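Remarks on the structure that follows.
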Amino acid sequence: MRILTHGFVLGLALALAAQAFGQTQPAGERPATIAAIPGVIAAGAKWEQAWSGPMTADGMIGGDDGALLFAQEQSNAIVKLWPDGRSWVQWPYIAGAGALSVDAQGRTFAAERTCTDPGLGLGTNCTVPTRIVQLAPQRKVLAETFADGRPLGRINDLAADGHGGAYYTQGGVFHVKADGSVSAIAEGGQGGVFTNGLVLSPDGRTLYVTNRTAILAFDLGADGTVSNRRDFAALGNEAQGSFGADGLAVDRDGRLYATAGAGVYVFDKAGKQLGVIPTPRLPITLAFAGADKKTLYIGAMGATTPTGQEWATPQGVRNVAMTVYRVPVLAAGFRK
């Protein structure tokens, strides 16, 4: 479609022109032989490529229509990917689209990272505030500053709270209420947490948040208030990858899935690790999609060109190429 083609060209131009801060090229594909995890995935299941390109595919969520939605920061768009391989821009003009979440009422939220993409090299010259926006049922800005005027920062991930607001990560963990007020749950920085992904349990009573190679859990009250921070699970040092644990997802039975260095780590409701699903590349985001929510998708770093070579950028230019893979699973994703 024309809008996707124009976005591709714009994103590619930005990627090739922008300066990064010492990012290395992603590694190529690696072996990913899958062993059985009872109730989760069968032995010998195979990953297959569903999409690839020179721009990001982040903040994934699965729709009730079987399609996958992901955020593409460089083209300022939310892309919809169907099981048959078709894709189009579902929501354009999302300034620096970074993450997505939807609640049971159909309210869809996105993070607008605006001009904070490190590949743009703007640093403090980026003066457009980052925002959390609602895309559906009507489009509006939910929040762009704290009460004292401080910016939200480069927003990482989102999880709708079911009350018209959302939790988000940006070094720490924060909560934006439906009225736009923002509060800190756990501060980041020296001596604090180092967060990335977050997700709610199927019953909406627990918030899970990554913290390097560990996962934290918080109790959620009926009004969305947060209490009882605790360590829920540990991934181990082999999960370090680039930044430790990244994306999170839950299935219908309450199992928790985390992307990290070796692949997708799977935990039961008590935090016991059930196994690791190895992945062809380093995964940073994941979601269940498909008509029955029994297809697990990941967004992973690196991609190949149409000629089959690894996508590479010139020295000093940020490489944001990604590949979306999918694999059939026994578990079913949670339907809100």
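Per our numbering, numbering of the sequence shown is gapless, rising by one per residue and ending at 608. Note that CB positions come from ideal geometry on N, CA and C, so glycine has one too. On a predicted model such as this, the values are computed, not experimentally measured, just so you know.
Contact check for G331 against A343 passes: the beta carbons are separated by less than 7 Å. The continuous beta strand (DSSP E) containing P555 extends over residues P555 to A561.
If you draw a straight line from the Cα of G370 to the Cα of L353, it comes to about 16 Å. A contact is defined here as three or more CB-CB pairs under 8 Å, and the region 472 to 489 meets this definition with respect to the region 501 to 508. Following the DSSP letters along the chain, one finds N483 inside the beta strand (DSSP E) bounded by residues T478 to N483. I404 and L372 do not touch by the CB rule: their CB atoms are close to 11 Å apart, not below 8 Å. Within the same chain, Cβ atoms closer than 7 Å to the Cβ of G526 are found at S473, P474 and K541, the five residues on either side in sequence being excluded. Beta-bridge partners of V413 (DSSP): V405. For G391, the three-state secondary structure derived from DSSP is helix. The alpha carbon of T296 has as its nearest neighbour, out of P586, Y569, R477 and V448, the alpha carbon of P586. The Cβ atoms of W323 and A304 do not sit closer than 7 Å to each other. The three-state secondary structure of T576, taken from DSSP, is strand. Distance from the CA of P364 to the CA of C387, rounded to the nearest whole angstrom, comes to 16 Å. Take K566, set aside five residues on each side of it, and the residues of its chain with a beta-carbon closer than 6 Å to its own are V601 and A604, in chain order.
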